[in-house]
Each structure stands twice: as structure tokens, then as C-alpha cells.
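Notes for the one structure printed next.
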Amino acid sequence: MSYVQINNVEKSYQGRQVLKKIHLSVAKGEFVTLLGPSGCGKTTLLRIIAGLERSDAGSVRVNGKEILAGQHKKGQNIGMVFQSYALFPNMTAYENIAFGLKLKKISPENIRQQVGEIMDVLSISGKENNYPHQMSGGQQQRVALARALVTKPDLLLLDEPLSAVDAKVRESARSLIRDIQRRMGITTIFVTHDQLEAMVMSDRIVVMNSGEIMQHGTPEQIYHKPENRFVANFIGTYNFVPGDWVGLSAYEGEVCIRPEHIQMLKKDQLEQFGDSGSVRLQGLLAHYYILGNTVRAEVVVGDRKILVDRLNGFQGSEFETNEEVGLVIDKDACTMLAPGRGEGN
Ligand SMILES: Nc1ncnc2c1ncn2[C@@H]1O[C@H](COP(=O)(O)OP(=O)(O)OP(=O)(O)O)[C@@H](O)[C@H]1O
Ligand SMILES: [Mg+2]
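Mapped onto the working numbering, the consecutive letters of the sequence shown carry residue numbers 460 to 804.
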């Protein structure tokens, strides 16, 4: 049975619909990420799940009990980290984190130990006596995260909890959240703009756009089997080519291929490579640049530019710009997109 069940949730603000028939179920212990561009409705959905916002239609159930805005039900132990941190300004970091434990009437000694532990894990020890305005954005975010985690909620709702944290701390905070979440089996709904973060952390990703769920699935499914152009465009990089380029002339829609799934060869090697399961193309290497651990080539084929990624080997490149090159595309690497949905986004 699902732990969180969202049925047909709709929401409008000032006559503009920001959530359209949202259906989603989250299993107990699952880590689900809402991923989508700014303004697509992620925070609104999270606030409805938390009971902080009323939906216009539909229902949300957590552990079998309906969530009604403004009413806290016994047995619904929900922790939330807001996008704006929302710390109590008149309380120190320590008092902010201890707040939920005090409400639970836990002994002061126990509170000290648990708050100390979580502050240590989140690298904010030493900030106990600082008020929110005396901490950086990233530190405030970690206090907010500690405040939610320390109460060991059954459902954890995290709205971009790492957006103000620098890249290095962010990486360790990601594994920390995932570790605690797994160890304690906390059902978690996480919101991010960051697709890499979503891929690394999630059991399942829900891609949203303009108040609608465009696709949900495991990171593998979302990355390798996008169901529409929006998801294909939003996650990673794709080349979009007409079907007839890859021998699918009867297919009306476009075909998309990841840059890392195209092989680039010296032009004179092209004949020796590929088989009946692959397509061979010729083009001009217009541009070549380092992205980090990969190198990206821009190859002009006909009137299109095709991106090709290869590992950035220590021996450097054997290609020159303005060189004629060959491309080999395995037909199995081509994904057909249903025409229509998400077009133009
Ligand atoms: N209280 C409100 N009154 C009016 N409009 C609102 C209100 N809250 C949100 N909106 C609008 O609803 C839409 C969805 O907002 P929401 O905050 O859910 O987006 P989001 O996906 O969380 O975006 P971001 O990634 O920027 O945080 C936006 O167009 C926003 O302007
Ligand atoms: Mg938001």
C-alpha cells in the first residue's frame, strides 16, 4: 500500500491553474524527487501534502489518513524544510533544532545529545549560539535540515534544502540525507531544480512542467526512456533528428540520441565500422571543447548540428576542427518520441 496517495489534486491562484490533476503515490521508505523548472508547481504541491495549503480538488492521504489544510492529525509526523529555511528568528541555532524535541517532552540531556549529533553530522557545530541573522544562507539551510531530521519524522518534505550550500558541502549533504533517510526508512519527497541531484539521490523522479506530471520513473527510466520532448529536453542533452536519418522514414516524430551514444571516427575509418544495426553519417567537425571528464564535438551534418561526447582521455584529441569526420549511431541508441506532448516547451 502506498504511504502517500495523491489523487486528482488541482490548484489555482487568481484564476490561473498551477496544478492540474496530480496523481502520485509514494511507497513507505521511498525517496521521490519532484524535478521541474521554476514556477511549475513543486512548492505548491509540497505545501498541499504538508497540509499548509488547501487544494481546490482532489485528496492527499498520508498513512491512510486524509490531509486537511490547517488540521494536524495525530499520528501524522511530517517534517518539512522550506525553500526559505523559515527558522525562528528569535531563537539560536541550537534552540531552533531543539524546538521539535522539546515539544515531544524529551529530557534536556537527551535533547542535548541528539542536537549535538545532528549538528556535528551537518558540520554546523560551533554555531549553537548564533541567531539566524548571524549565519550564512548555507548554514541556515543546514540548521533547518537538522531541525527537520532530528525529530525523526515518518514523512520528510524537503523543498530545495541544499540550494544555498556550496558544491562541496552539497555533495556530502546529499549522501548524508540519503544515508539518514535509508537508515531510518523515512518516506521522503524532495524538491530540486538540479537534475544531477535528482539522479544521484532518488528512487524515483517525478518530472513536472506547468503544473502537470510529464513522466515519473527511476533515474534510469527518466534518462534513457523519456516519454516526451519536454523530458528529453529537460534531462541531460539530446540530439533531435528526423526519423528518416536513422532509417525510420515511416515514423512521423523525431528521434533522439544522446551525444555519448554516438561514435565519432576519422572519415576514412567509417567504412570499417558499424553493421546493419547502425547508421553511418558524414559531417564537418565545427567545434571541439572540454566539458570536464568528457569532450564535446559539434559536427555539422546537412543543415543540423550533432553533438558527440567522448571521454576526455589523457592522450588528447586526434581530431582537428574543420576536419571531415564519420559518425556511427547504433539504432538501439535511438529513442522515438511520441509527437505532440510537451512540444514547444
Ligand atoms: N500564494 C500564491 N499566490 C499566487 N500565486 C502563487 C502563490 N504561490 C505560488 N503561486 C504561483 O504558482 C506557480 C507555482 O509556484 P510554485 O512556488 O509552486 O513553483 P515552484 O515549482 O516551486 O518554483 P521554484 O522552483 O521557483 O521554487 C507560480 O506561477 C507562482 O507564481
Ligand atoms: Mg519552489
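Where is the CB? At the ideal position from N, CA and C, for every residue including glycine.
Keep in mind that this is a model prediction, so the values were computed, not measured.
Is residue i helix, strand or coil by DSSP?
| i | result |
| --- | --- |
| leucine 617 | strand |
| proline 496 | coil |
| glycine 597 | helix |
| valine 675 | The question names valine, but residue 675 in the sequence shown is histidine. If DSSP states are grouped into helix, strand and coil, histidine 675 belongs with the strands. |
| tyrosine 697 | coil |
| valine 485 | strand |
| leucine 655 | helix |
| glutamate 686 | coil |
| glutamine 542 | coil |
| phenylalanine 490 | strand |
| asparagine 588 | coil |
| aspartate 568 | Per the sequence presented here, residue 568 reads as glutamate, with aspartate not at that position. Helix, per DSSP. |
| glutamate 719 | helix |
| alanine 516 | strand |
| phenylalanine 649 | strand |
| glycine 736 | coil |
| methionine 550 | coil |
| glutamate 469 | strand |
| asparagine 522 | coil |
| isoleucine 749 | strand |
| isoleucine 583 | coil |
| aspartate 762 | coil |
| threonine 503 | helix |
| asparagine 771 | coil |
| arginine 742 | Before going on, a small fix: residue 742 reads as glycine here, not arginine. Strand at glycine 742. |
| asparagine 668 | strand |
| glutamine 476 | strand |
| valine 609 | coil |
| methionine 460 | coil |
| glutamine 530 | strand |
| leucine 511 | coil |
| valine 624 | coil |
Taking Cβ positions, are residue i and residue j nearer each other than 8 Å?
| i | j | result |
| --- | --- | --- |
| proline 591 | leucine 621 | no |
| serine 661 | threonine 502 | no |
| isoleucine 465 | leucine 483 | yes |
| glycine 510 | glycine 529 | yes |
| phenylalanine 490 | threonine 647 | yes |
| glutamine 542 | glutamate 469 | no |
| proline 574 | leucine 635 | It should be noted that the sequence gives valine, not proline, for residue 574. Not a contact, by the Cβ cut-off of 8 Å. |
| alanine 552 | isoleucine 583 | yes |
| methionine 673 | valine 650 | no |
| asparagine 687 | proline 496 | no |
| isoleucine 570 | lysine 561 | yes |
| glycine 644 | arginine 663 | no |
| glutamate 757 | histidine 746 | yes |
| threonine 696 | proline 718 | yes |
| glutamate 713 | leucine 796 | yes |
| aspartate 768 | threonine 780 | no |
| glycine 500 | valine 477 | yes |
| glutamine 599 | leucine 615 | no |
| isoleucine 681 | valine 666 | yes |
| alanine 486 | serine 514 | no |
| asparagine 467 | alanine 516 | yes |
Roughly how many angstroms separate the alpha carbons of residue i and residue j, rounded to a whole number?
| i | j | result |
| --- | --- | --- |
| valine 700 | arginine 629 | 36 Å |
| threonine 794 | valine 540 | 37 Å |
| tyrosine 544 | isoleucine 526 | 23 Å |
| glutamate 587 | lysine 479 | 43 Å |
| glycine 585 | methionine 594 | 11 Å |
| lysine 684 | tyrosine 472 | 33 Å |
| serine 737 | phenylalanine 693 | 26 Å |
| glutamine 722 | glutamate 671 | 36 Å |
| aspartate 625 | glycine 596 | 10 Å |
| alanine 792 | glutamate 576 | 47 Å |
| glutamine 728 | tyrosine 710 | 30 Å |
| glycine 761 | tryptophan 704 | 11 Å |
| glycine 706 | lysine 790 | 9 Å |
| arginine 633 | serine 735 | 44 Å |
| glycine 882 | leucine 505 | Here the chain has residues from 460 to 804 only, and residue 882 is not among them. |
| aspartate 613 | asparagine 536 | 5 Å |
| lysine 726 | phenylalanine 732 | 11 Å |
| glutamine 654 | methionine 578 | 27 Å |
| asparagine 549 | arginine 601 | 17 Å |
| proline 567 | serine 631 | 29 Å |
| serine 518 | threonine 610 | 26 Å |
| arginine 642 | glycine 488 | 10 Å |
| glycine 775 | valine 759 | 22 Å |
| lysine 764 | isoleucine 788 | 15 Å |
>> Could you check whether the stretch 783-792 touches the stretch 739-756, counting it as contact only if at least three pairs of C-beta atoms, one from each stretch, sit closer than 8 Å?
In response: yes
>> Between the stretch 599-608 and the stretch 552-571, can you find at least three pairs of beta-carbon atoms closer than 8 Å?
In response: yes
> Listed in chain order, which residues are found with a beta carbon closer than 5 Å to a heavy atom of ligand 1?
Replying inline: Tyr472, Val477, Ser497, Gly498, Cys499, Gly500, Lys501, Thr502 and Thr503
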